[in-house]
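Structure record follows, encoded as structure tokens.
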Amino acid sequence: MPFPKAMDYHKRGKPLVPNCYGIFYAIISVCYWYMLSFVGVMADNALALATSVLFGSTMGLLDDMINIRWRYKAFLPVFAALPYMVLMPSDRTTIEFLLIGVIDLGSLFFLLLVPILVTVVTNSYNQLGGLNGLESLPGLIVLVGLSIASNDITLTIVPMLCLVFLGYLSYTGKAFVGNVGSFSIGLTLAVYSILMNLKLFLLVALVPYVVNSVLILFSSYILHDRADTLMDDSGLLYAVKARSLRTLILSRKSMTEHQAVLVLTLITGVFTVLAFTVIMFN
Numbered sequence: 001m002p003f004p005k006a007m008d009y010h011k012r013g014k015p016l017v018p019n020c021y022g023i024f025y026a027i028i029s030v031c032y033w034y035m036l037s038f039v040g041v042m043a044d045n046a047l048a049l050a051t052s053v054l055f056g057s058t059m060g061l062l063d064d065m066i067n068i069r070w071r072y073k074a075f076l077p078v079f080a081a082l083p084y085m086v087l088m089p090s091d092r093t094t095i096e097f098l099l100i101g102v103i104d105l106g107s108l109f110f111l112l113l114v115p116i117l118v119t120v121v122t123n124s125y126n127q128l129g130g131l132n133g134l135e136s137l138p139g140l141i142v143l144v145g146l147s148i149a150s151n152d153i154t155l156t157i158v159p160m161l162c163l164v165f166l167g168y169l170s171y172t173g174k175a176f177v178g179n180v181g182s183f184s185i186g187l188t189l190a191v192y193s194i195l196m197n198l199k200l201f202l203l204v205a206l207v208p209y210v211v212n213s214v215l216i217l218f219s220s221y222i223l224h225d226r227a228d229t230l231m232d233d234s235g236l237l238y239a240v241k242a243r244s245l246r247t248l249i250l251s252r253k254s255m256t257e258h259q260a261v262l263v264l265t266l267i268t269g270v271f272t273v274l275a276f277t278v279i280m281f282n
């Protein structure tokens, strides 16, 4: 099957690699959720996940095809939140804050909180990429954490298996998941955390993503500067300036692409473990 190809910038010779393999994650996961809905297993939750990820994957695929400018792409996840806002699969409208307690938002939960959370999570997840495996492996770590925290893997077992396979393909440089993949994975994390009332868990687990997004936005709109990931003659990646979480790490120490991906995945894993601690004592 022919797929559009993208340049692997951090390999010698910059070879072209098949892109958009994240469409397999979207198709397989959505079909699985529709099947659950059809047989009546967690039907409302499965339908909310399926429709939201279907919206998001379509937008991600469109971005892969025509390369939408970031200022417009940032608002696309709002539309992916519409299915959840319409279906309202849960009557839970509360949010819990550290040191404050539980606040019932009522209808504002669906009209305000859901689209904001979906947009922030999806964009943050999409921004921490650019290295082989970085769009899949940290997402797998967070999804495993969410599944353990919810004490139920019914909705996530197939998506997790897909991420294992895609993580292998992307980490080894055989294929990229593309924006269609990162959008779909980000939406899965956002919607699942809302369904299972694990919003605080997700926000703690995604602290590295939020830090990365803050650094990128500050650099782009305040400093009007960006830092590229460079490669030396020995194949090690490095950065001159810290303008993202990736370049912050690489500006301190040069390393191979695989090492950089493992470090960022490990950081995500640490914050995922921290998320368990936070919800345990909250």
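In terms of my numbering, the sequence shown opens at residue 1 and continues consecutively.
Every residue, glycine too, gets a C-beta built ideally from N, C-alpha and C.
Annotation for P83: the continuous alpha helix (DSSP H) segment containing it runs L82 to L87.
V158 is not a Cβ neighbour of S37, given a cutoff of 8 Å. Per DSSP, V261 has no beta bridge partner at all. Apart from sequence neighbours up to five positions away, the residues of its chain that approach M231 with a beta-carbon distance below 7 Å are H10 and L237, ordered along the chain.
With the rule of 3 Cβ pairs closer than 8 Å, the stretch 237-256 does not count as touching the stretch 173-182. Put simply, of V118, Y72 and G22 the residue whose alpha carbon is nearest the alpha carbon of F3 is G22.
Within the stretch 146-173, the complete alpha helix (DSSP H) segments of 4 residues or longer fall at 157-171, listed in chain order. Put simply, of C20, T122, V41 and G133 the residue whose alpha carbon is nearest the alpha carbon of I66 is C20. Given a length threshold of 4 residues, each whole run of the alpha helix (DSSP H) inside the stretch 13-62 is given here in chain order: 22-39.
DSSP places L230 in the strand class (E or B) of the three-state scheme. The count of Cβ pairs closer than 8 Å, one atom from the stretch 215-224 and one from the stretch 157-171, stays below three, leaving the stretches out of contact. Bridge pairing for K5: P18 [DSSP]. Distances from the alpha-carbon of F176 to those of N132, T58 and P208 put N132 closest. CA-CA distance, L140 to M160, rounds to 6 Å.
Here DSSP, grouped into helix, strand and coil, assigns L187 to helix. V144 is the residue among V144, S244, S234 and K241 whose C-alpha sits nearest the C-alpha of S193. Of the residues I185, L76, L128 and I148, the one whose Cα lies closest to the Cα of T265 is L128. The DSSP-derived three-state label of L134 is coil. Beyond the five residues adjoining it in sequence on each side, K199 comes within less than 6 Å, by CB distance, of S193 in the same chain, given in chain order.
In this structure, the alpha-carbon of A205 lies about 14 Å from that of M280. Per DSSP, A205 is one residue of the alpha helix (DSSP H) stretching across K199 to A205. For T122, the enclosing alpha helix (DSSP H) starts and ends at V114 to Q127. Closest by C-alpha distance to P15, out of G173, S244 and V41, is G173. Nearest Cα to F55 within the set N126, L76, D152 and A275: L76. Under DSSP, M255 forms a beta bridge with L237. Contact between N123 and S213 holds, with the beta-carbon distance rounding to 7 Å and staying under 8 Å.
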